[in-house]
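Reviewing the structure listed below.
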Amino acid sequence: QSHLRLYTCLFLPQPVCLQRDLSVLNLLDSRSVMGDLGWVAYPKNGWEEIGEVDEDYAPIHTYQVCRVMEQNQNNWLHTNWILTEGAQRVYIELKFTLRDCNSLPGGVGTCKETFNMYYYETDDRVLKESRYIKIDTIAADESFTELDLGDRVMKLNTEVRDLGPLSRKGFYLAFQDLGACIALVSVRVFYKRCPFLVKSLAEFPDTIPASEASQLVEVVGRCVNNSVPLYEPPRMHCSTEGEWLVPIGKCVCKPGFEEISGSCQVCKMGFYRSQLESSACSKCPPHSVARQMGATACSCEDGYYKIDSDPPSMACTRPPSAPRNAISNVNETSVFLEWSIPVETGGRKDIRYNILCRRVLPDGRGLEECGPNVRFLPRRLGLSNTSVMVADLQSHTNYSFLLEAINGVSELAKDHAKQYVTLNVTTNQAAPSPVSVVRKGHTGKSSIALSWAEPDRPNGIILEYEIKYFEKEQDSSYTIIKSKETEMVVEGLKPSSVYIFQVRARTSAGYGAFSRRFEFQTSPYLTATSERAQASIIAVAITLALVLLAVVAGFLLSGRLSQCCLSFIRRCGYSKAKQDPEEEKMHFHNGHIKFPGVRTYIDPLTYEDPNQAVHEFAQEIDVSCISIERIIGAGEFGEVCSGPLRLPGKREIQVAIKTLKAGYTEQQRRDFLWEASIMGQFNHPNIIRLEGVVTKSKPVMIITEYMENGSLDTFLKKNDGQFTVIQLVGMLRGIASGMRYLSDMGYVHRDLAARNILVNSNLVCKVSDFGLSRVLEDDAEAAYTTRGGKIPIRWTAPEAIAYRKFTSASDVWSYGIVMWEVMSYGERPYWDMSNQDVIKAVEESYRLPGPMDCPEALYHLMMDCWQRERSSRPKFDEIVCLLDKFIRNPCSLKKLVNSSHRVSNLLVEHASVEGDCGTRSKTIGEWLDSIKMGRYTELFMEGGYSSLETVAQMTSEDLRRVGVNLAGHQKKIITSIQEMRVHMNSTNSTVNI
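Everything in the sequence shown is counted per UniProt numbering, starting at 1 for the first residue and increasing by one.
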């Protein structure tokens with residue numbers, strides 16, 4: 001045994017130096033004890049402690065036992081009391097050597113190659129052997145033999161076992177030998193912990209893991225060094241292996257501080273930090289300053305403001321200047337107002353507009369605000385678009401509109417004087433509003449008595465009412481009758497039948513819309529008693545008729561009736577309907593007049609004496625009231641001049657004067673005045689107004705209102721590309737409104753073209769040229785006459801060319817050509833094609849292509865006007881309605897048929913400042929990337945330049961201030977900023993002619 005013990009002791013390997021691991025804490029390490037371990041062995045001749053030193057004189061404590069020559073071995077060795085220090089699970093590392101039983105000499109009593117390890121848990125140092133609990137049986141992976149002793153090679157085994165959960169303050173370890181030859185070189189007892197950690201400005205203390213391997217201990221960190229939790233306190237989880245896992249949340253520096261090298265440093269003067277989400281202090285944005293260290297916000301300079309919802313990085317701003325380039329377009333009792341964005345936006349994008357409407361009181365008594373009945377489309381306050389439609393104004397009334405631009409800080413700038421732009425307009429005559437209620441009176445088997453109230457807004461004197469009715473479910477065939485009163489008995493109906501009635505009113509401005517449908521039923525057939533009563537009534541009526549006939553015969557004999565009849569016949573074209581109410585009925589079937597009656601428009605040819613028609617419809621003006629100042633053109637019959645008209649009791653106005661050249665024949669005089677007798681029947685804001693005629697002196701003159709901008713085709717050519725789409729649509733809407741009026745009057749123009757549209761100083765377009773006998777300038781082959789047969793091929797519908805079938809539908813075709821002329825700024829339709837080529841192309845379904853920069857919606861309307869079938873073309877009232885929708889919703893005109901390199905003046909482009917039409921302005925980063933300067937994006941943002949509007953105001957000094965120091969880069973960015981300013985100015989400009 002001594003021999004074995006000696007070799008076991010001498011040839012132990014050198015101790016292994018453990019690397020320090022902060023996550024592992026030793027409770028016991030036998031190699032670190034300088035003196036005796038003091039462990040207890042039982043029996044005393046069992047385990048034996050051997051104390052040696054290694055080559056570095058470090059102590060080696062070895063317990064060994066090798067009583068293999070004896071039977072029934074039971075040798076115990078237990079440690080001192082080991083304090084757990086709160087650990088719930090500990091680890092035991094054993095290093096030992098063990099001899100192979102087969103290598104021992106013969107005659108061995110017993111031999112084992114394992115030993116047992118136990119523990120006893122207690123709160124004090126009292127040892128009770130019976131309480132030991134077995135941990136495990138330890139076996140060697142490697143054992144040595146006698147040969148190994150000769151080679152002086154020892155094989156060291158290392159085994160680690162874990163112990164837990166522990167609940168007492170400490171425990172004992174015990175080792176049991178049952179007959180092995182073993183040397184216990186070292187025993188180390190340790191536990192694992194998650195060490196102290198500082199992460200994301202939060203401290204996490206030393207943490208002992210849980211007892212179960214699958215358990216994580218959650219630890220809440222503490223924010224340090226002027227930091228606070230972001231959203232929630234920071235947390236980490238400690239694993240049983242002593243590792244920190246699953247970080248949740250973090251700490252960030254307080255406002256006014258920024259994180260530098262893992263600690264929070266105070267912001268310098270001129271810098272601020274307000275949000276926990278941002279990492280670094282930022283330079284105060286433009287027009288603001290921070291006068292102390294640790295600022296959480298920058299205060300605005302005098303005259304500049306911020307609202308609570310503005311981000312801290314946004315520059316301080318101020319109210320905008322007044323809107324500019326404001327124009328108005330009057331359409332009957334509606335006014336379309338349009339303007340451009342202010343020159344000075346105040347540095348904000350949230351520009352809105354308010355409209356103040358005031359009515360000018362008569363006799364200069366001041367102004368009063370418009371009442372609640374006036375409608376603003378889309379609204380009066382908080383407009384984001386630069387246009388508004390004001391409807392339901394009073395006719396022939398002066399109004400004053402104040403346009404104000406505001407932004408988010410306008411309310412804060414109380415010392416800032418409000419800036420307005422004023423527009424003064426005068427409304428025109430308008431059609432009446434719809435009749436709201438139609439009532440039924442007495443009902444017979446073939447008649448129904450109707451009554452109705454005057455429209456809520458008559459907009460002038462009601463000239464007559466039109467009653468439209470038809471049998472229910474048969475609306476394709478209807479009848480129209482007229483009445484001067486607000487009641488009428490409709491006769492000639494079927495008994496026991498349901499009829500639909502609609503009523504509309506007419507003023508000098510035209511018809512209003514029909515009322516909603518009212519449904520009434522006639523009485524059933526009469527009974528036998530009723531028939532006898534009716535027979536009696538008929539007999540009485542016959543008797544009265546005979547008496548009346550006798551009286552009429554007496555008048556005939558006296559000769560007095562003949563003179564009355566002659567007078568009646570002379571004026572039959574105008575007043576026959578007034579003599580016979582039945583003749584006032586107009587029956588329609590499938591949209592066409594079935595039984596023609598009296599029309600509203602009266603053809604002057606129906607008069608025996610054309611001079612009578614002129615005096616009927618045109619005012620005679622004394623030649624002394626007119627002064628001819630200059631010649632503005634030449635007409636077919638003479639010169640066209642301009643000058644003032646001074647009528648007694650009226651203010652002086654500028655007029656156009658058509659003169660009949662000397663040496664005219666009587667037929668030429670009639671033809672010349674024929675246009676005046678037509679024009680004098682019309683009264684509409686989009687129809688050229690006849691002031692009067694001069695027929696009692698020479699030269700004979702026709703006096704009309706003066707249109708400053710002349711013909712539409714010439715005007716558009718002079719101002720190519722200078723109008724917004726909404727302005728062009730406003731012109732087209734005016735033309736369509738005038739044509740709707742003519743269509744309702746029963747008048748077919750036959751020569752609707754841009755050359756026959758006149759434009760005044762407010763861009764109001766008016767239909768003119770009702771003579772239908774003018775020769776087209778510079779185009780002999782397109783000349784035409786009203787009676788001779790030549791027609792303007794390029795503007796005329798196919799059926800009118802082929803069959804001379806002129807209707808309102810053929811005027812709609814011509815209107816489509818006018819639309820094309822307007823959107824192409826006066827270009828000639830079909831260009832240089834000959835008339836025969838045009839006729840052939842149209843017959844083969846060729847249609848003009850969409851003009852450059854023409855909205856797709858407008859081109860679709862043109863194509864609808866050019867439908868081959870007349871019935872498929874829209875009516876003028878439908879065209880007006882559609883154009884009104886375009887004006888109310890400018891974004892519907894954004895999509896173009898095609899594009900060109902010409903700078904577009906689309907109204908919807910102005911919305912890009914707001915983003916209303918789906919457009920989006922470039923960001924600072926996108927702009928810098930586009931000029932290859934993206935590296936400076938963060939510098940611009942930190943300098944407070946967060947929008948292109950603020951960048952557009954930058955100078956070279958500003959660039960150096962934000963950190964752009966290279967001269968070449970400064971030059972490139974300044975050049976791009978100058979281009980940006982030019983683009984902004986051109987985009988925001990509006991031509992006001």
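Glycine included, every Cβ here is placed at the ideal spot set by N, Cα and C.
Taking the Cα positions, Ser497 is about 7 Å away from Glu471. Under the three-state reduction of DSSP, Pro59 is assigned to strand. Membership of Pro699 in any alpha helix (DSSP H) is not indicated, and neither H nor E is assigned to it by DSSP. In chain order, Arg506, Thr507 and Ser508 place their CB closer than 7 Å to the CB of Leu463, counting only its own chain and leaving out the 5 sequence neighbours on each side. The three-state reading of DSSP puts Glu159 in strand, counting E and B together. Just measuring C-alpha positions, the residue of Lys112, Thr110 and Tyr132 sitting nearest Tyr118 is Tyr132.
About 7 Å separates the CB atoms of Pro798 and Glu843; that is less than 8 Å, so the two are in contact.
Residue range Ile653 to Thr659 is occupied by the beta strand (DSSP E) that includes Gln654, with no alpha helix (DSSP H) assigned at that position. Straight-line spacing of the CA atoms in Lys112 and Trp76 works out to 15 Å.
Burial state of Gln681 is buried, judged by a 10 Å Cβ sphere holding 16 or more other Cβ atoms. Between Asp162 and Tyr91, the C-beta gap is smaller than 7 Å, which places the two residues in contact.
Excluding residues up to 5 positions away in sequence, Val435, Ser436, Val437 and Thr486 lie with their Cβ nearer than 8 Å to the Cβ of Ala453 in the same chain.
Taken atom to atom, the span from the alpha-carbon of Phe96 to that of Ile50 is near 14 Å. A Cβ-Cβ distance of about 5 Å is found for the pair Ile688 and Thr704, placing them in contact under the 8 Å criterion. DSSP places Pro610 in the helix class (H, G or I) of the three-state scheme. Taking a C-beta distance under 7 Å as the contact criterion, Gly164 and Ser211 qualify as a contact pair. By the neighbour-count criterion, in which 16 or more other beta carbons inside 10 Å mark a residue as buried, Ser697 falls on the exposed side.
Leaving aside the five residues that flank Tyr469 on each side, the residues in its chain whose CB is nearer than 7 Å to its CB run, in chain order, Tyr478, Thr479, Val490, Tyr499, Ile500 and Phe501.
According to DSSP, residue pairing for Leu763 in a beta bridge does not occur. In this structure Ser384 is in contact with Arg352, their Cβ atoms being roughly 6 Å apart against a cut-off of 8 Å.
Note: Trp76 is bridge-paired with Tyr42 and Gln176 in the DSSP secondary-structure output. Rounded to whole angstroms, Tyr231 and Gly256 show a C-alpha spacing of 18 Å. Residue pairing by DSSP puts Asp29 in a beta bridge opposite Arg188. Scanning Glu942, Asn226, Val217 and Ala413 for the CA closest to the CA of Leu245 turns up Val217.
When the alpha-carbon of Ser515 is set against those of Tyr465, Gly826 and Thr522, the nearest one is in Tyr465.
In this structure Gln953 is exposed. Its beta-carbon is surrounded by fewer than 16 other beta-carbon atoms within 10 angstroms.
With respect to Arg755, Ser711 sits close: the two C-beta atoms are nearer than 7 Å. Judged by DSSP in its simplified three-state form, Thr807 adopts coil rather than helix or strand.
Excluding five sequence positions before and after Glu821, the CB atoms of its chain that fall closer than 8 Å to its own CB belong to Leu712, Asp713, Leu716, Ala753, Ala754, Glu827 and Pro829, given in chain order. Taking 8 Å as the upper bound for CB-CB distance, Val388 and Val374 are not in contact here, some 11 Å apart. Ile138: member of the beta strand (DSSP E) spanning Ile133 to Ala139, first to last residue. As DSSP reads the structure, Ser483 sits in a beta bridge with Tyr465.
In this structure, Val187 places its C-beta atom within 7 Å of the C-beta atom of Ser30. Here DSSP, grouped into helix, strand and coil, assigns Glu979 to helix. The Cβ-Cβ distance between Ile973 and Met941 does not fall below 7 Å.
Secondary structure note for Val693: its beta strand (DSSP E) is the uninterrupted segment Leu690 to Val694.
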